[in-house]
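Numbering (full-length UniProt numbering), first residue to last: 1 to 274.
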């Protein structure tokens, strides 16, 4: 990495760790404030891209260039990569809604956040990427490169700020928080008590050795990594669903679910058979 990229990555890493020290309450407050601005930025960028492309028609009729091989396989690989970005939150989803004040909060919030919002952002992202490619005549897969095409310095600064904060928020929810809770669970196997903050910081340190900056050098490397993550966590999700729906027939004794001497404790908290 160049000097400026080194500084940027380390700053990003430190900010993430700083939010972990602030706890889940601080993370929740930041997400509430960010949500409005993220909607404004992405919808605004989508409108801008549609305008540059000459309307919605050219975007809907767009045919991608430079795709080699079976189109269906490319589509399947892309879908798998998108699903993989949600793999960690899915297998650790119980760690988030358990903080809801009442059942209806998560029962209503999750469908809105995972289905409606994701669909909205998917449509906006397609409009931005395809619209900018039509307008500028070159494929642009990195959102930062799209932002650099803005004419207004003020707009660039504002959008970059929101994108940076939203990236931190997504990284916390999608990566650090699930990894932190998993390390907490893993520590019980060795009769050790590990707090969430400690687990998340350990996960952040381990992440440095995955060289994440290398993954963002091109679209191929990030897709390959996401598909690798999906291949690992996909079976985990399948086992959890099969155990809940078919083996246990959706029947759990919630009163004893977290008791160390219950039937759900297995071997130091791990179901070796699964």
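Where is the CB? At the ideal position from N, CA and C, for every residue including glycine. Bear in mind the structure is a predicted one, so any value in this text is a computation, not a measurement.
Contact set for residue i: own chain, Cβ-Cβ below 7 Å, skip 5 residues either direction
i, result
"residue 166", "34 and 38"
"residue 89", "173, 174 and 178"
"residue 24", "99"
"residue 56", "50"
"residue 79", "none"
"residue 162", "37, 38 and 41"
"residue 222", "215 and 216"
"residue 21", "197"
For residue i, the three-state DSSP class (helix, strand or coil)
i, result
"residue 183", "helix"
"residue 257", "coil"
"residue 176", "helix"
"residue 189", "coil"
"residue 136", "helix"
"residue 118", "helix"
"residue 267", "strand"
"residue 51", "helix"
"residue 246", "helix"
"residue 64", "coil"
"residue 96", "coil"
"residue 251", "coil"
"residue 210", "coil"
"residue 194", "coil"
"residue 101", "coil"
"residue 216", "coil"
Exposure of residue i, with buried meaning 16 or more beta-carbon neighbours within 10 Å
i, result
"residue 48", "buried"
"residue 45", "buried"
"residue 204", "buried"
"residue 51", "exposed"
"residue 40", "exposed"
"residue 171", "buried"
"residue 129", "buried"
"residue 245", "exposed"
"residue 131", "buried"
"residue 92", "buried"
"residue 127", "buried"
"residue 107", "exposed"
"residue 124", "buried"
"residue 7", "exposed"
"residue 4", "exposed"
"residue 232", "exposed"
"residue 278", "Here the chain has residues from 1 to 274 only, and residue 278 is not among them."
"residue 59", "buried"
Contacts around residue i, its chain only, beta-carbon distance under 8 Å, and the 5 residues preceding and following it disregarded
i, result
"residue 272", "266"
"residue 77", "223 and 227"
Cβ separation of residue i and residue j, assumed to be a contact under 8 Å, to the nearest whole Å
i, j, result
"residue 53", "residue 134", "4 Å"
"residue 169", "residue 30", "6 Å"
"residue 95", "residue 181", "4 Å"
Other residues of its chain near residue i: CB distance less than 6 Å, five sequence neighbours each side excluded
i, result
"residue 9", "213"
"residue 139", "133"
"residue 62", "130"
"residue 187", "194"
"residue 264", "257"
Min CB distance residue i to chain C below 9 Å
i, result
"residue 208", "This model lacks chain C altogether, as it is built from one protein chain only."
* Asked: Using 8 Å as the Cβ pair cut-off and three pairs as the minimum, do the stretch 15 to 34 and the stretch 197 to 208 touch?
  -> yes
* **At least 3 beta-carbon pairs within less than 8 Å: the stretch 78 to 85 vs the stretch 221 to 233** => yes
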